[in-house]
Each structure stands twice: as structure tokens, then as C-alpha cells.
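Note sheet for the following structure.
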Amino acid sequence: MGHELAESCPVFAAAFNEVCVLLDGLLGCSLREVMWGSDADALNRTGCAQPALFAVEVALLRQLLATGVVPEVLIGHSVGELAAAVVSGVLSLSDGCRLVAARARLMQALPTGGVMVSLTSPDGTPPEIELPAEGVWTAAINTPGSVVLAGTRDAVTHIVEQCDRYQVHWLRVSHAFHTPLMDPALEPFLEVARTLTYRSPSIPIISTVTGETLTGEQARSPEYWVHQIRGTVRFADAITTAHTRGITTFLEAGPGTSLSTAITTSHPDTTTIPT
43 MGHELAESCP
53 VFAAAFNEVC
63 VLLDGLLGCS
73 LREVMWGSDA
83 DALNRTGCAQ
93 PALFAVEVAL
103 LRQLLATGVV
113 PEVLIGHSVG
123 ELAAAVVSGV
133 LSLSDGCRLV
143 AARARLMQAL
153 PTGGVMVSLT
163 SPDGTPPEIE
173 LPAEGVWTAA
183 INTPGSVVLA
193 GTRDAVTHIV
203 EQCDRYQVHW
213 LRVSHAFHTP
223 LMDPALEPFL
233 EVARTLTYRS
243 PSIPIISTVT
253 GETLTGEQAR
263 SPEYWVHQIR
273 GTVRFADAIT
283 TAHTRGITTF
293 LEAGPGTSLS
303 TAITTSHPDT
313 TTIPT
């Protein structure tokens, strides 16, 4: 998707190239070559996957803004909130790249073996699972009836085996993100975050950490961005907050449709447009 956009959309191509130049120096590799190469495993590793998503999302948002699409609010899912922070002016592009590169590098350096799985209830009701359990945490709540569990492989597998009535989708990840298994990365990530410059957002952001509008004080706090990689992604709450404020059209700026599906599942009266 990024390859075709870079060939056909000059604004996307310029923004994507700008991001890649900054990230290549921080990652020590060519992100473009990894993204458009033939080694899928290399791209799936979080050290490249997060910067790749960030690069595509920032370039997509720049392209949309250039065509006159101006969002009333921005909502970012996990690393997508860093893309939202750059586009809304909380972080300069240079500082945003530094933050996402540190995030990806530190997470990649953690011990592997963590897993993540999406569980979706067939009737839309919250899954009947008591969490946190030993070795298992709720990494994301995408709709009231769809959660992402994360933790150690044996513990998560044990929970999944008890959930035979749910739709199960294992995520292709090497680590259990948004859980206490990220804790060893938090202090060095905070050290990087404290060296950056933050501003209040020029476009409102609804936080997926709190589910409410991100305040200027939160946006300017390095500690917020540390908590953002550790806490549960409360996407469902963020969408509900937007919906209660009269926002009924959502455009998913990224290489997928899963968030659009989640929004229409929980709010059938909305219009969702995946790019």
C-alpha cells in the first residue's frame, strides 16, 4: 500500500521519504528496504514494524490534510497515537521519530516469548474472563465485546482454551505489548522521552490511555507517553467519547480495516472509511 502511494501521490511520497530519512539514522537500517523487501519476518519484528506503521500513518495523514480533509479529532491505536501526536503538533517530526525509534528498539530488546490474542464475543457482550490472571493481562479493548489479551504463551493459551464460544485470532507479534512485561523498557524510554519538546495539540486528540480528550498537560508530559506503551489501549472508550460528542464519521488512516470494523460493530450508526 505504501509502495503504491509513494509512486502515485507526491505529498505522500515526500512525507514518507522525510520520515524514512530520520528513522534510518536512528534504526541503523533502511526502513524502506525492509518494508518493500521480501523478508516478511524482518518487517514483523517490532523493531521495524512500529516505525513502518508510524511512517505510513504520518504520510497518509499528511496526504489527507493536503487534499482538504481536516479531522475534528484524532484517535491513535497504540503506536498510532504517536503519529497523531506528530500531525497535531505535540511533537515535531524529528522528535516523533526519536520517540518511536526508542519505543521500537527497547521493546525489541526485551525477552521474546510473549503472545497476544484477540477474543471476540459472538453476541457483542464483554467476554466473561476475570483479568488480570497470572501471566495474562488485557492489552486492548477495541469494542465492548472484543478484547486483546497478552502475556506469557502458556498462561494466555490456558485462557483461550476456556473460551470456545469466542472468535479467536492470534496476533503476529514477538512480545506481549501493553502489559507489565514491558516494564524493563519503561525507565530507559522515559530517559529518551524527557529529552524531547512537547506542545499542546493543535488538533484535539482523544487519548486511548484514558478514553477522554488528551489535555495539554498530559500531552506535554513525558510520563504520559511512557504510560501509553504500558497501559491498556482503551480504543472502545475513545470512540464512545467521540460518538457522544456527535462525531459519526471515522476515517481509518492505516494499512488495514480492523479499526473500522470495530467502530461499526459497537456503533452501527457511524460511517467508517478505511484508507
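Taking the working numbering, I'd label the letters of the sequence shown as residues 43 to 317.
Backbone N, C-alpha and C fix where the C-beta goes; we use that ideal spot for every residue, glycine too.
For this session: Would you decide whether Gly110 is buried or exposed? Buried here means 16 or more other CB atoms lie within 10 Å of its CB.
Result: Your numbering for residue 110 matches position 68 in the sequence shown. Exposed, because fewer than 16 other Cβ atoms sit within 10 Å of the Cβ of Gly110.
Exercise. What's the gap between the Cα of Val157 and the Cα of Arg87?
Worked result: Along the sequence shown, one-based indexing puts residue 157 at 115. Along the sequence shown, one-based indexing puts residue 87 at 45. Spanning the two alpha carbons is a distance of roughly 13 Å.
For this session: Would you list, in sequence order, the uninterrupted alpha helix (DSSP H) runs of no fewer than 4 residues that lie entirely inside the stretch 112–138?
Result: 122–129
For this session: Rounded to whole angstroms, what's the CA-CA distance from Leu65 to Ala91? Just pull it up for me.
Result: If you number the sequence shown from 1, residue 65 lands on position 23. If you number the sequence shown from 1, residue 91 lands on position 49. The straight-line gap from Cα to Cα measures roughly 12 Å.
Problem set entry | For Trp267, three-class secondary structure by DSSP | As a working note, residue 267 is residue 225 in the sequence shown. Helix.
For this session: Determine the extent of the beta strand (DSSP E) in which His211 is found, giving its start and end residues.
Result: Working through the sequence shown from its first residue, we reach residue 211 at position 169. His211 -> beta strand (DSSP E) spans 209–212.
For this session: Mark Ala82 as exposed unless 16 or more other C-beta atoms lie within 10 angstroms of its C-beta, in which case mark it buried.
Result: In the sequence shown, the residue the question calls residue 82 occupies position 40. With fewer than 16 Cβ atoms within 10 Å of its Cβ, Ala82 is classed as exposed.
Problem set entry | Ile201, buried or exposed, once every other Cβ within 10 Å from all chains shown has been counted against 16 | Start at 1 with the first residue of the sequence shown, and residue 201 comes out as number 159. Result: buried.
Exercise. Going by DSSP, what residues sit across from Thr307 in a beta bridge?
Worked result: Residue mapping note: residue 307 aligns to position 265 of the sequence shown, counting from 1. Note: Thr307 sits in no beta bridge, so no partner.
For this session: Helix, strand or coil for Ala181, going by three-state DSSP, please let me know.
Result: Position 139 of the sequence shown, counted from the first residue, corresponds to residue 181. Ala181 falls in the strand class under three-state DSSP.
Problem set entry | Three-state class that DSSP yields for Leu106 in the structure shown | What you label residue 106 is simply residue 64 of the sequence shown in a count that begins at 1. Helix, per DSSP.
For this session: My understanding is that Ala182 touches Val275, with C-beta atoms under 8 Å, so please give their C-beta distance in whole angstroms.
Result: Position 140 of the sequence shown, counted from the start, is the residue given in the question as residue 182. Position 233 of the sequence shown, counted from the start, is the residue given in the question as residue 275. So it is a contact: roughly 4 Å between Cβ atoms.
Exercise. Applying the criterion that 16 or more other CB atoms from any shown protein chain within 10 Å of the CB defines a buried residue, is Arg207 buried or exposed?
Worked result: On the sequence shown, position 165 is the one that residue 207 refers to. With fewer than 16 Cβ atoms within 10 Å of its Cβ, Arg207 is classed as exposed.
For this session: Give the secondary structure of Ser160 by DSSP, where H, G and I count as helix, E and B as strand, and everything else as coil.
Result: Translated into the one-based positions of the sequence shown, residue 160 becomes position 118. Residue state, collapsed to three classes: strand.
For this session: Please find out if some non-hydrogen atom of the ligand MN comes closer than 6 Å to the beta-carbon of Val53.
Result: With respect to small molecules bound, the structure shown includes none, and the ligand MN cannot be examined in it.
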